[in-house]
Amino acid sequence: MTGFRKQIKNDWVAHGRSAYRAGFRVLLVYRIGNWRMTINNKFIRAPFSVIYRFLERHVRYKYGIELPYTVTMGENVVFEHQHGIVIHGNCVIGDNCIIRQGVTLGNRYLNKPDEAPTLGSDVNVGAGAKILGAVTIGNNATIGANAVVLIDVPEGKAAVGIPAKII
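Under the numbering used here, the residues of the sequence shown are numbered 1293 to 1459, in order.
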(Lines of atoms letter the chains of each structure in order from A and count residues from 1; the text may use other names and numbers.)
(Lines give C-alpha, C1' and ligand atoms only; values in the text may rest on other atoms or scores of the structure.)
Protein backbone atom coordinates (compact mmCIF):
# COMPACT_ATOMS: atom_id res chain seq x y z
CA MET A 1 0.00 0.00 0.00
CA THR A 2 1.40 3.39 -0.94
CA GLY A 3 2.07 6.06 1.69
CA PHE A 4 -0.85 8.21 0.52
CA ARG A 5 -3.35 5.34 0.65
CA LYS A 6 -2.00 4.20 4.01
CA GLN A 7 -2.46 7.69 5.48
CA ILE A 8 -6.04 7.84 4.21
CA LYS A 9 -6.80 4.42 5.69
CA ASN A 10 -5.26 5.41 9.05
CA ASP A 11 -7.34 8.61 9.10
CA TRP A 12 -10.47 6.61 8.29
CA VAL A 13 -9.76 4.15 11.13
CA ALA A 14 -8.96 6.98 13.57
CA HIS A 15 -12.33 8.57 12.79
CA GLY A 16 -14.30 5.45 13.67
CA ARG A 17 -14.23 3.89 10.20
CA SER A 18 -16.74 6.44 8.98
CA ALA A 19 -16.29 8.39 5.78
CA TYR A 20 -19.13 10.68 6.87
CA ARG A 21 -17.32 12.32 9.80
CA ALA A 22 -16.26 15.90 9.12
CA GLY A 23 -12.77 15.38 10.55
CA PHE A 24 -12.08 12.52 8.16
CA ARG A 25 -13.25 14.53 5.16
CA VAL A 26 -11.08 17.49 6.11
CA LEU A 27 -8.04 15.23 6.53
CA LEU A 28 -8.79 13.60 3.18
CA VAL A 29 -8.68 16.99 1.46
CA TYR A 30 -5.51 17.86 3.41
CA ARG A 31 -3.84 14.63 2.24
CA ILE A 32 -4.88 15.35 -1.36
CA GLY A 33 -3.30 18.80 -1.03
CA ASN A 34 -0.04 17.25 0.15
CA TRP A 35 -0.10 14.55 -2.51
CA ARG A 36 -0.54 17.06 -5.35
CA MET A 37 2.61 18.87 -4.25
CA THR A 38 4.62 15.70 -4.95
CA ILE A 39 3.89 16.15 -8.67
CA ASN A 40 6.93 18.00 -10.01
CA ASN A 41 5.57 19.05 -13.40
CA LYS A 42 3.53 22.24 -12.88
CA PHE A 43 1.33 21.60 -15.91
CA ILE A 44 0.31 18.16 -14.65
CA ARG A 45 -0.14 19.46 -11.09
CA ALA A 46 -2.33 22.43 -12.16
CA PRO A 47 -5.66 20.55 -12.56
CA PHE A 48 -5.12 18.81 -9.22
CA SER A 49 -4.46 22.20 -7.63
CA VAL A 50 -7.76 23.52 -8.97
CA ILE A 51 -9.59 20.48 -7.60
CA TYR A 52 -7.80 20.81 -4.24
CA ARG A 53 -8.68 24.52 -3.92
CA PHE A 54 -12.33 23.78 -4.62
CA LEU A 55 -12.43 20.92 -2.10
CA GLU A 56 -10.50 22.90 0.52
CA ARG A 57 -12.94 25.80 0.36
CA HIS A 58 -15.90 23.43 0.40
CA VAL A 59 -14.82 21.65 3.60
CA ARG A 60 -13.79 24.95 5.21
CA TYR A 61 -17.23 26.50 4.69
CA LYS A 62 -19.27 23.35 5.27
CA TYR A 63 -17.46 21.98 8.33
CA GLY A 64 -15.75 25.10 9.68
CA ILE A 65 -12.31 23.52 9.82
CA GLU A 66 -9.44 25.42 8.25
CA LEU A 67 -6.51 23.06 7.66
CA PRO A 68 -3.94 24.26 5.09
CA TYR A 69 -1.89 21.65 3.24
CA THR A 70 1.30 23.27 4.60
CA VAL A 71 0.64 21.99 8.14
CA THR A 72 2.94 19.17 9.21
CA MET A 73 0.51 16.50 10.38
CA GLY A 74 1.20 13.23 12.16
CA GLU A 75 -0.82 10.04 11.97
CA ASN A 76 -4.15 9.27 13.64
CA VAL A 77 -5.02 12.90 14.32
CA VAL A 78 -8.71 13.24 15.17
CA PHE A 79 -10.90 16.31 14.77
CA GLU A 80 -13.46 15.30 17.35
CA HIS A 81 -16.15 17.84 16.50
CA GLN A 82 -16.57 20.28 13.69
CA HIS A 83 -16.75 24.07 13.40
CA GLY A 84 -14.51 26.85 14.48
CA ILE A 85 -11.18 25.03 14.13
CA VAL A 86 -8.41 27.22 12.70
CA ILE A 87 -4.89 25.88 12.25
CA HIS A 88 -1.95 28.04 11.17
CA GLY A 89 -0.15 26.87 8.04
CA ASN A 90 3.18 26.47 9.88
CA CYS A 91 1.86 24.32 12.74
CA VAL A 92 3.32 20.94 13.54
CA ILE A 93 0.88 18.38 14.94
CA GLY A 94 2.18 15.07 16.27
CA ASP A 95 0.65 11.60 16.17
CA ASN A 96 -2.58 10.60 17.96
CA CYS A 97 -3.70 14.14 18.82
CA ILE A 98 -7.33 15.01 19.49
CA ILE A 99 -8.52 18.49 18.52
CA ARG A 100 -12.01 19.57 19.49
CA GLN A 101 -14.36 22.33 18.24
CA GLY A 102 -13.44 25.98 18.52
CA VAL A 103 -9.68 25.39 18.74
CA THR A 104 -7.24 27.91 17.32
CA LEU A 105 -3.59 27.07 16.70
CA GLY A 106 -2.20 30.36 15.47
CA ASN A 107 0.38 33.10 15.61
CA ARG A 108 0.50 35.62 18.45
CA TYR A 109 2.12 38.71 16.97
CA LEU A 110 1.36 40.45 13.68
CA ASN A 111 5.05 41.19 13.11
CA LYS A 112 5.91 37.45 13.45
CA PRO A 113 3.44 35.82 11.06
CA ASP A 114 5.39 32.56 10.65
CA GLU A 115 5.46 31.59 14.31
CA ALA A 116 3.06 28.76 15.06
CA PRO A 117 2.52 26.15 17.78
CA THR A 118 4.04 22.69 17.83
CA LEU A 119 2.00 19.86 19.33
CA GLY A 120 3.74 16.68 20.43
CA SER A 121 2.22 13.22 20.22
CA ASP A 122 -0.92 12.20 22.14
CA VAL A 123 -1.95 15.79 22.90
CA ASN A 124 -5.57 16.33 23.93
CA VAL A 125 -6.82 19.84 23.11
CA GLY A 126 -10.07 20.85 24.80
CA ALA A 127 -12.95 22.69 23.16
CA GLY A 128 -12.39 26.38 22.59
CA ALA A 129 -8.68 26.33 23.47
CA LYS A 130 -6.38 28.89 21.90
CA ILE A 131 -2.69 28.03 21.49
CA LEU A 132 -0.87 31.10 20.25
CA GLY A 133 2.69 31.78 19.15
CA ALA A 134 5.79 29.66 18.89
CA VAL A 135 4.92 27.45 21.85
CA THR A 136 5.65 23.76 22.19
CA ILE A 137 3.14 21.40 23.73
CA GLY A 138 4.88 18.27 25.04
CA ASN A 139 3.86 14.68 24.44
CA ASN A 140 0.84 13.42 26.42
CA ALA A 141 -0.10 16.96 27.47
CA THR A 142 -3.67 18.13 27.96
CA ILE A 143 -5.00 21.57 27.14
CA GLY A 144 -8.15 22.44 29.07
CA ALA A 145 -11.31 23.76 27.49
CA ASN A 146 -11.15 27.47 26.69
CA ALA A 147 -7.53 27.75 27.85
CA VAL A 148 -5.37 30.42 26.27
CA VAL A 149 -1.88 28.93 26.03
CA LEU A 150 0.97 31.42 25.58
CA ILE A 151 3.77 29.37 27.20
CA ASP A 152 5.34 25.97 26.58
CA VAL A 153 3.59 23.01 28.21
CA PRO A 154 5.92 20.25 29.47
CA GLU A 155 5.40 16.61 28.62
CA GLY A 156 2.54 14.95 30.52
CA LYS A 157 1.26 18.19 32.09
CA ALA A 158 -2.04 20.02 31.75
CA ALA A 159 -2.62 23.69 30.97
CA VAL A 160 -5.84 25.38 32.09
CA GLY A 161 -7.15 28.91 32.47
CA ILE A 162 -6.81 32.32 30.88
CA PRO A 163 -3.87 32.77 30.54
CA ALA A 164 -3.07 29.10 30.92
CA LYS A 165 -1.22 27.84 33.94
CA ILE A 166 0.51 24.48 34.15
CA ILE A 167 -0.96 22.02 36.65
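Cβ atoms here follow ideal geometry from the backbone N, Cα and C, with glycine treated the same way.
Since the model is a prediction, treat every value here as computed from it, not as a measurement.
Go ahead and label residue i buried or exposed: buried means 16 or more other beta carbons lie within 10 angstroms of its beta carbon, across all protein chains shown.
i, result
"Arg1349", "exposed"
"Val1417", "buried"
"Ile1454", "exposed"
"Leu1402", "exposed"
"Asp1414", "buried"
"Ala1439", "buried"
"Gly1308", "exposed"
Using DSSP with H/G/I as helix, E/B as strand and the rest coil, what is residue i?
i, result
"Glu1358", "strand"
"Gly1436", "coil"
"Lys1334", "helix"
"Gln1374", "coil"
"Leu1347", "helix"
"Val1342", "helix"
Does any CB atom of chain C fall closer than 7 angstroms to the CB of residue i?
i, result
"Lys1404", "Reference to chain C is not applicable here, since this structure consists of a single protein chain."
What residue range is occupied by the uninterrupted beta strand (DSSP E) comprising residue i?
i, result
"Gly1453", "That residue, Gly1453, is in no beta strand (DSSP E); it is neither H nor E in DSSP."
"Lys1265", "The shown model of the chain, from 1293 to 1459, leaves out residue 1265, and the question about it has no answer."
"Gly1398", "Thr1396 to Gly1398"
Would you give the residue range spanned by the alpha helix (DSSP H) that residue i belongs to?
i, result
"Leu1319", "Ala1314 to Arg1328"
"Val1305", "Gly1295 to Ala1306"
Would you grab the beta carbon distance between residue i and residue j for me? Rounded to a whole angstrom, and I think it's under 8 angstroms.
i, j, result
"Ala1419", "Arg1392", "4 angstroms"
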